[in-house]
Amino acid sequence: MAEPLIGPESGEAAAPLAQLSFEAALAELEGIVQKLERGQLDLESSIQAYERGTALRQHCAEKLRQVQLRVEKLTLDREGNAKLAVFEES
């Protein structure tokens, strides 16, 4: 019997993405992947899970991008003094 698409361990409907932290979204995504890999969902539920998983992956990627923009790194200037600089993607 297929399991309905629900939030992790809660028995409640999946939460709106905007309300999920990175950690919560990643945990839900991992749960979806496990269910799909184990074949625990019927076809329609699998499609819904895949769509939710795709949205969760995008949500996690955006959360990481937002954090990356906020990260600062410690660098040394020409005189060897420490200073903070905005993180630059390499």
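The sequence shown begins at 1 in our numbering and counts up one residue at a time. Here a beta-carbon is modelled for each residue, glycine too, at the ideal position from N, C-alpha and C.
Exposure label - residue i; buried when at least 16 CB within 10 Å
{"i": "Pro4", "result": "Residue confidence for Pro4 is low, a pLDDT of 42 falling below 50, so the modelled location carries little weight and cannot support an answer."}
{"i": "Ile32", "result": "buried"}
{"i": "Leu64", "result": "exposed"}
Best match in the options for proximity to residue i [C-alpha to C-alpha]
{"i": "Leu76", "options": "Leu69, Leu84 and Arg52", "result": "Leu84"}
{"i": "Tyr50", "options": "Leu64, Lys63, Gln34 and Glu62", "result": "Gln34"}
{"i": "Ser21", "options": "Glu37, Arg38, Ile47 and Gln66", "result": "Gln66"}
{"i": "Leu17", "options": "Lys73, Gln68 and Cys60", "result": "Cys60"}
{"i": "Leu29", "options": "Arg52, Leu64 and Val86", "result": "Arg52"}
{"i": "Ala14", "options": "Gln40, Ser45 and Asn81", "result": "Ser45"}
Beta-carbon gap between residue i and residue j smaller than 8 Å
{"i": "Leu69", "j": "Ala25", "result": "no"}
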